[in-house]
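Here's the structure, in structure tokens; my notes come after.
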Amino acid sequence: MALLKIVKESEDLEFLRRKSAPVTEVTPRIKALLDDMIETMRDANGCGLAAVQVGVLRRVVVIETEEGLFELINPVIIKKSGEQQGLEGCLSLPGKWGMTKRPQCVTVRALDRDGQEFELTGYDLLAKAICHELDHLDGIIYTDKAIRMLSPEEIEQDE
Ligand code: ZN
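Residue numbering for the sequence shown follows my numbering, starting at 48 and increasing by one per position.
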């Protein structure tokens, strides 16, 4: 396993804006990518990471919350309901926080590392993380959807 370099908005926003292509076959290379993404996410204390954030334009996402570790290949949201409002940050935008509105519950369909289709339903933080990471696959960054961004003073107060 290896730590990967996280693409930062300040260094390569253009890359983060690109759309990721579907995975056509779950090869050993994709499995190695998942492993490296998990290691990189944990090292950065994040709760989610999309492949585009480590320089790979493939529809691959990892998420880790209290509910567990989730690996999503070619994920598609098939159901969403409710609404939640809260703070959101991104490993590609360190030091920034924004207030967003997201569904309170989402169900996603994806492939696992064995190429098997599965569905995952997440509430609250997991729902927010699923939406945030899937947006990355289409070049969307949470700041596009933020109701407002926190000021540096507000962030300081929180710390
Ligand atoms: Zn992000």
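Glycine is no exception: its CB is placed at the ideal position from the N, C-alpha and C atoms.
Keep in mind that this is a model prediction, so the values were computed, not measured.
Return the CA-CA distance between Asn92 and Glu86, expressed in angstroms with no decimal places. 10 Å
When the Cα of Asp171 is compared with those of Glu72, Thr112, Ala49, Val101, which residue comes out closest? Thr112
Quick check: what's the CA-CA separation for Asp83 versus Thr71? 20 Å
Nearer than 7 Å: is that true of the beta carbon of Ser57 relative to any heavy atom of ligand 1? no
Straight-line gap, Ala49 to Glu180 (C-alpha atoms, nearest Å): 21 Å
Those runs of the beta strand (DSSP E) which lie wholly inside the segment 92-146 and span at least 3 residues: 95-97, 107-112, 115-128, 131-135
Pull up the DSSP beta-bridge partners for Ala157, would you. Phe165
Among Gly102, Glu166, Gln132, whose alpha-carbon lies nearest the alpha-carbon of Ala193? Gln132
DSSP bridge partner residues for Asp195 (one or two, in chain order): As written in the sequence, residue 195 is Arg, which differs from the Asp given in the question. According to DSSP, Arg195 bridges with Met146.
Under 8 Å between the Cβ atoms of Thr190 and Thr168? no
In chain order, what residues of the same chain have a beta carbon less than 7 Å from the beta carbon of Leu197, not counting five sequence neighbours either side? Trp144, Gly145
So the candidates are Val73, Asn121, Leu138; which of them puts its Cα closest to the Cα of Val108? Asn121
Of the residues Glu166, Ala176, Leu184, Val123, the one placed nearest Val101, counting alpha carbons only: Leu184
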